[in-house]
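>
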Amino acid sequence: MAFSERVSRLKSSLIREILAAAQRPEVMSFAGGLPAEVMLPKVEWDEMPLSLGQYGMSEGEPVLREALAAEARALGLECEASQVLVVSGSQQTLDLAAKLYIDKGTEILLEAPTYLAALQIFQLFGADCLTVAQEADGPNLAQLRNRLEQHRPAFIYLIPTFQNPSAVRYSEAKRAAVAALLDEFGVTLIEDEPYRELTFDGGSAKPIAARLKKASWIYTGTVSKTLLPGLRVGYLIASADLFPHLLKLKQSADLHTNRIGQWQALQWIGSQKYQQHLSELRDFYRQRRDAFQLALEEHFADLAEWNMPQGGLFFWLTLKQPLDTRSLLNEALANDVAFMPGEPFFPEPDKHHGHLRLNFSHIDPARLDEGLKRLAAVVRRAQMERAA
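Below, the structure is given as structure tokens:
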């Protein structure tokens, strides 16, 4: 069939396939980055104006854009509402950025590991994905400088706060150093911040985009992790040179983001009830994180190493005896356990065996211990068979 050339690079999403396979109620899933359903806030619709059923502005609802700009300025990001574009989940930001920058063979720079769906989008458009190794406090700076000296990437895509999948939060020193390097080499930053609000130690940090003096930037976030994923409301804020192009791309993609979802998001953002909800959410997820840590110590201490996340939704495990964790999926599902293999989070998955991403936010605590016990047993059997 006469499909476009890029369709030859089209890959299915492994995480979506795993989630589909894990729909059976008996499956204990650590796979997706799903919020806990008991913490989804109760929302009201009675006050919504009927006029929101009409077509809207491509940029987004003006009052919501003002609110998002105010939130960003409070973080230290100098911006106006005219730089805010409301998108259909922050995933759309990555699609728009790919359309703006990537032709077949375009070099871009990523953390290793990086967000699976971002990798899927960038590779679909034909990007040559260069990587920088992730350390406990952010990227390896010597490697980053080397990449920038040897290449001219169209942009660098970073998740500095509770990174998906590694849960790493960049240190102040790494944030400042990354910003300085991007200014020095004139490389555009795409900064993805879906987990910023889910901090368990109260820590916060100025975005890298707010530290830039010369380089162009796109800063993106979402309400999917703090309110309702089903609203599909995200946003991007872009430097003035990029915003007009992103707006035109948005107009060609979907005209405008769901106005009903935008209205609901506006009922929360900047409000006291939102701050109260975030406080309760952090306490709830902190308790789940702590319970998960104890269960991991019980069942995985001899199998893997990990750092306890200070925010976000994930643990990132590195097996002491590496194997291709994708090979564990079928047996895990046969034992009613789902998890996310680590290999797909790298542009070259076959060179990065031995990692698992485990979500701690969604699973019922009553099933947590049994689920990790079964998963650990699957890993042990595979390692024994390999050694035999």
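For the sequence shown, my numbering puts the final residue at 380, and the numbers step up evenly by one. Think of the CB as a built atom: it goes at the ideal place given N, C-alpha and C, for glycine as much as any other residue.
I need the DSSP call for residue 332, collapsed to helix, strand or coil.
Your numbering for residue 332 matches position 340 in the sequence shown. Residue state, collapsed to three classes: strand.
> Indicate the three-state DSSP secondary structure (helix, strand or coil) for residue 180 in the structure shown.
Mapped onto the sequence shown, residue 180 falls at position 188. It is a strand residue.
> Alpha carbon to alpha carbon, how far is residue 181 from residue 220? Give it in angstroms, no decimals.
The residue labelled residue 220 in the question sits at position 228 within the sequence shown. The residue labelled residue 181 in the question sits at position 189 within the sequence shown. Each residue's alpha carbon lies about 27 Å from the other.
> Tell me whether residue 335 is buried or exposed, calling it buried when 16 or more other Cβ atoms sit within 10 Å of its Cβ.
Here residue 335 is taken as the residue at index 343 of the sequence shown, counted from 1. Answer is buried; the Cβ neighbour count reaches 16.
> Do residue 98 and residue 62 have their beta-carbon atoms positioned less than 8 Å apart in this structure?
Here the question's residue 62 lines up with position 70 in the sequence shown. Here the question's residue 98 lines up with position 106 in the sequence shown. Not closer than 8 Å, so no.
> Cα separation between residue 257 and residue 215?
For the purposes of this step, residue 257 is identified with residue 265 of the sequence shown, where counting begins at 1. For the purposes of this step, residue 215 is identified with residue 223 of the sequence shown, where counting begins at 1. One C-alpha to the other measures close to 7 Å.
> Assuming residue 300 and residue 285 make a contact with CB atoms under 8 Å, what is their CB distance in whole Å?
Taking the sequence shown and counting its residues from 1, the one referred to as residue 300 is at position 308. Taking the sequence shown and counting its residues from 1, the one referred to as residue 285 is at position 293. Confirmed, Cβ separation roughly 5 Å.
> Using a threshold of 8 Å, state whether the C-beta atoms of residue 310 and residue 297 are closer than that.
Along the sequence shown, one-based indexing puts residue 310 at 318. Along the sequence shown, one-based indexing puts residue 297 at 305. Taking 8 Å as the Cβ cut-off, residue 310 and residue 297 qualify as a contacting pair.
> DSSP has residue 120 in a bridge; who is on the other side?
What you label residue 120 is simply residue 128 of the sequence shown in a count that begins at 1. Its beta-bridge partners are 99.
> Hey, could you find the ends of the alpha helix (DSSP H) residue 284 is sitting in?
Start at 1 with the first residue of the sequence shown, and residue 284 comes out as number 292. Start and end: 264 to 291.
> Sorted by chain position, which residues of the same chain lie with C-beta nearer than 7 Å to residue 67's C-beta, five sequence neighbours on each side aside?
Walking along the sequence shown from the start, residue 67 turns up at place 75. Excluding positions up to five away in sequence, the list reads 198, 199 and 202.
> For the segment 118 to 137 against the segment 260 to 270, do three or more pairs of beta-carbon atoms, one drawn from each stretch, fall closer than 8 Å, so that the two count as touching?
no
> Which stretch, first to last residue, makes up the alpha helix (DSSP H) that contains residue 251?
If you number the sequence shown from 1, residue 251 lands on position 259. Its alpha helix (DSSP H) spans residues 251 to 258.
> Roughly how many angstroms separate the alpha carbons of residue 11 and residue 23, rounded to a whole number?
Along the sequence shown, read from residue 1 onward, the residue named residue 11 stands at position 19. Along the sequence shown, read from residue 1 onward, the residue named residue 23 stands at position 31. Residue 11 and residue 23: Cα-Cα distance of roughly 7 Å.
> Should residue -5 go down as buried or exposed, given a rule of 16 or more other Cβ atoms within 10 Å for buried?
Translated into positions along the sequence shown, residue -5 becomes position 3. Exposed, since its Cβ has fewer than 16 Cβ neighbours within 10 Å.
> Tell me the rounded alpha-carbon separation between residue 111 and residue 339.
Reading the sequence shown from its first residue, position 119 is the one you call residue 111. Reading the sequence shown from its first residue, position 347 is the one you call residue 339. Spanning the two alpha carbons is a distance of roughly 7 Å.
> In its own chain, which residues sit with a C-beta less than 7 Å from the C-beta of residue 140, not counting the 5 before and 5 after it?
The residue you call residue 140 lines up with position 148 of the sequence shown. Closer than 7 Å at Cβ, skipping near neighbours: 173, 177 and 179.
> How about residue 234 and residue 77: are their beta carbons less than 8 Å apart?
The residue labelled residue 234 in the question sits at position 242 within the sequence shown. The residue labelled residue 77 in the question sits at position 85 within the sequence shown. Not a contact, by the Cβ cut-off of 8 Å.
> Check whether the segment 152 to 162 touches the segment 69 to 83, counting contact only when three or more Cβ pairs, one atom from each stretch, lie closer than 8 Å.
Judged by pairs of C-beta atoms under 8 Å, the segment 152 to 162 does not touch the segment 69 to 83, as fewer than three such pairs exist.
> Please report the Cβ distance between residue 315 and residue 25, rounded to the nearest whole angstrom; I am assuming they are in contact, meaning their Cβ atoms lie under 8 Å.
Residue 315 sits at position 323 when you count from the first residue of the sequence shown. Residue 25 sits at position 33 when you count from the first residue of the sequence shown. No, residue 315 and residue 25 are not in contact; Cβ-Cβ is about 24 Å, not under 8 Å.
> For residue 226, which residues of its own chain have a beta-carbon under 6 Å away from its beta-carbon, when the five flanking residues on both sides are left out?
Here residue 226 is taken as the residue at index 234 of the sequence shown, counted from 1. Hits under 6 Å: 79, 81, 82 and 214.
> Does DSSP put residue 127 in a helix, in a strand, or in coil?
Counting from 1 along the sequence shown, the entry for residue 127 is found at position 135. Three-state result, residue 127: strand.
> Buried or exposed: which applies to residue 211, given that a residue is buried once 16 or more other Cβ atoms fall within 10 Å of its Cβ?
Here residue 211 refers to the residue found at position 219 of the sequence shown. When all chains shown are included, residue 211 counts as buried.
> Please report the residue range of the beta strand (DSSP E) in which residue 77 lies.
As a position in the sequence shown, residue 77 is number 85, starting the count at 1. It spans 76 to 79 - the beta strand (DSSP E) in which residue 77 sits, taken as one unbroken run.
> My guess is that residue 1 and residue 115 are in contact by the Cβ rule of under 8 Å, so how many angstroms apart are they, rounded?
Mapped onto the sequence shown, residue 1 falls at position 9. Mapped onto the sequence shown, residue 115 falls at position 123. About 6 Å separates the two Cβ atoms, so the contact holds.
> Report the rounded CA-to-CA distance for residue 325 versus residue 128, giving the unit in angstroms.
Reading the sequence shown from its first residue, position 333 is the one you call residue 325. Reading the sequence shown from its first residue, position 136 is the one you call residue 128. The alpha-carbon atoms of residue 325 and residue 128 are separated by roughly 31 Å.
> Could you tell me which residues DSSP pairs with residue 347 in its beta bridges?
For this step, residue 347 is matched to residue 355 along the sequence shown. For residue 347, which the question treats as bridged, DSSP gives the partners 310.
> Might you give, ordered along the chain, the residues of its own chain that have their beta carbon closer than 6 Å to the beta carbon of residue 272, omitting 5 neighbours on each side?
On the sequence shown, residue 272 is found 280 positions in, with the first residue counted as 1. Correct list: empty, nothing qualifies.
> Straight-line CA distance for residue 131 to residue 193?
Position 139 of the sequence shown holds residue 131. Position 201 of the sequence shown holds residue 193. Distance between the alpha carbons of residue 131 and residue 193: 22 Å.
> Below 8 Å on the Cβ atoms is my contact criterion, and I expect residue 381 with residue 52 to pass it. Report the Cβ-Cβ distance as a whole number of Å.
Residue 381 falls outside the range modelled here, since the chain spans only -7 to 380, and no answer is possible.
> Is residue 217 near residue 238, with beta carbons less than 8 Å apart?
Your numbering for residue 217 matches position 225 in the sequence shown. Your numbering for residue 238 matches position 246 in the sequence shown. Result no, Cβ atoms of residue 217 and residue 238 do not sit closer than 8 Å.
> When the Cα atoms are used, what is the spatial distance from residue 44 to residue 252?
Within the sequence shown, numbered from 1, the residue matching residue 44 stands at position 52. Within the sequence shown, numbered from 1, the residue matching residue 252 stands at position 260. Spanning the two alpha carbons is a distance of roughly 6 Å.
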